[in-house]
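*Asks:* There's a structure below that I have some questions on.
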Amino acid sequence: MVSSSHALQPEYGCNWTDITTEFFEASKELDLGELLHDELFGLFEAMSAIEMMDPKMDAGMMCNRGARVLTFDKAIKAGVLKLNNLSMEELVGIMDCIFGCLVTWLEGHSAAQTLLTCLYLHKPLTIEDRALRAFSVLTLKLVALINNIVNIAGVYEEEDFQPGLYGYGVCAEVPEARAAAAVREVEEELQRVVKSSRSRQGEAWEPLMQKQAW
Numbered sequence: 001m002v003s004s005s006h007a008l009q010p011e012y013g014c015n016w017t018d019i020t021t022e023f024f025e026a027s028k029e030l031d032l033g034e035l036l037h038d039e040l041f042g043l044f045e046a047m048s049a050i051e052m053m054d055p056k057m058d059a060g061m062m063c064n065r066g067a068r069v070l071t072f073d074k075a076i077k078a079g080v081l082k083l084n085n086l087s088m089e090e091l092v093g094i095m096d097c098i099f100g101c102l103v104t105w106l107e108g109h110s111a112a113q114t115l116l117t118c119l120y121l122h123k124p125l126t127i128e129d130r131a132l133r134a135f136s137v138l139t140l141k142l143v144a145l146i147n148n149i150v151n152i153a154g155v156y157e158e159e160d161f162q163p164g165l166y167g168y169g170v171c172a173e174v175p176e177a178r179a180a181a182a183v184r185e186v187e188e189e190l191q192r193v194v195k196s197s198r199s200r201q202g203e204a205w206e207p208l209m210q211k212q213a214w
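Counted from 1, the sequence shown has number 176 at position 176 by UniProt numbering; the numbering is strictly sequential.
Here it is as structure tokens:
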């Protein structure tokens, strides 16, 4: 809106009229969720719209300018990403998050907003923890397999499935058989740990074994 005190002068070729008051009065007649638009405003424009002053959508807000996204290497250097000595709770939590990202990706969301939000999937072979490395590698092999199946079928729409991985690899250098064997080795190792321990700590490893047996 342009107030009358700041209206453009006639030499600009426009005679502006301040409709701020009328606009806000008319907006009071709209119900919650109701949208007033012209006939050219369709679904595509609605999906492309940006909600101003919403931190999740408005990248120009001041609160978003200080947000720093760390890469895999930067996260390790900053000490916020552990490659080894993870606790049982940390392993189960990370695997649960990866499962959630995988399911959300299968529902048609972008890999950039799902799978690739997990830094462990960026460079899984760098992970020192055997259980997490095997799980991460096998997850990427599953992603590659699903991508191949969907691409061969060739019957999907962009809103149904987004195969793009934005240049990130899927551990192509690791054969599927080797990835599966690594998971079996970790599972057998965890089973030995549980059987050799009768304490509560040993019993608590069972959720992790279930993750590896997926």
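Glycine included, each C-beta is placed from N, C-alpha and C at the ideal position.
#1: Pull up the distance between the alpha-carbon of Glu187 and that of Val150, whole angstroms please.
#2: Return yes when the Cβ of Val174 is within less than 8 Å of the Cβ of Val143, no when it is not.
#3: Rank Cys118, Glu189, Thr139 by C-alpha distance to the C-alpha of Thr71 and give the top, closest one.
#4: Would Cys171 pass as a contact of Leu102 if the rule is Cβ separation under 8 Å?
#5: Nearest to Phe161 by CA position, among Leu121, Leu106, Arg130, is which residue?
#6: In terms of residues, what are the limits of the alpha helix (DSSP H) holding Asn148?
#7: Does the beta-carbon of Met52 have 16 or more other beta-carbons within 10 angstroms, so that it is buried, or is it exposed?
#8: Hey, would you say Leu121 sits closer than 8 Å to Thr104, going by beta carbons?
#9: If you reduce the DSSP assignment to three classes, tell me which class Pro163 lands in.
#10: How would you call Arg133, buried or exposed, if buried means at least 16 neighbouring beta carbons within 10 angstroms?
#11: Could you pull the start and end residues of the alpha helix (DSSP H) that Leu190 belongs to?
#12: Applying the 10 Å Cβ sphere with the 16-neighbour rule, what's the burial state of Ile98?
#13: Mapping the DSSP letters down to three states, classify Ser27 as helix, strand or coil.
#14: With C-beta atoms as the reference, is Lys141 less than 8 Å away from Ala179?
#15: Where does Val69 land, buried or exposed, given buried means 16+ other C-beta within 10 angstroms?
#16: Determine the burial state of Met57: buried for a count of at least 16 other Cβ atoms within 10 Å of its Cβ, exposed for fewer.
#17: Restricting to Cα atoms, I'd like to know which of Asp129, Leu145, Glu189, Ile152 is closest to Ala177.
*Replies:* On the basis of the coordinates in this document:
#1: Spanning the alpha carbons of Glu187 and Val150 requires a straight line of approximately 30 Å.
#2: Cβ atoms of Val143 and Val174: not closer than 8 Å.
#3: Considering only Cys118, Glu189, Thr139, the residue with the shortest C-alpha distance to Thr71 is Cys118.
#4: One thing to note: Cys171 has its Cβ no nearer than 8 Å to the Cβ of Leu102.
#5: That would be Leu106, whose Cα lies nearest to the Cα of Phe161.
#6: Asn148: member of the alpha helix (DSSP H) spanning 130-153, first to last residue.
#7: Flag for Met52 reads exposed.
#8: 8 Å or more divides the Cβ of Leu121 from the Cβ of Thr104.
#9: DSSP, reduced to helix, strand and coil, places Pro163 outside both helices and strands of the structure shown, so it counts as coil.
#10: Arg133 should be labelled buried.
#11: Leu190 -> alpha helix (DSSP H) spans 176-196.
#12: Buried, since its Cβ has 16 or more Cβ neighbours within 10 Å.
#13: It is helical.
#14: Ala179 is positioned such that its CB atom lies closer than 8 Å to that of Lys141.
#15: Exposed: under 16 other Cβ atoms inside 10 Å.
#16: Around the C-beta of Met57, fewer than 16 other C-beta atoms lie within 10 Å, and the residue is accordingly described as exposed.
#17: The shortest Cα separation from Ala177 among Asp129, Leu145, Glu189, Ile152 belongs to Leu145.
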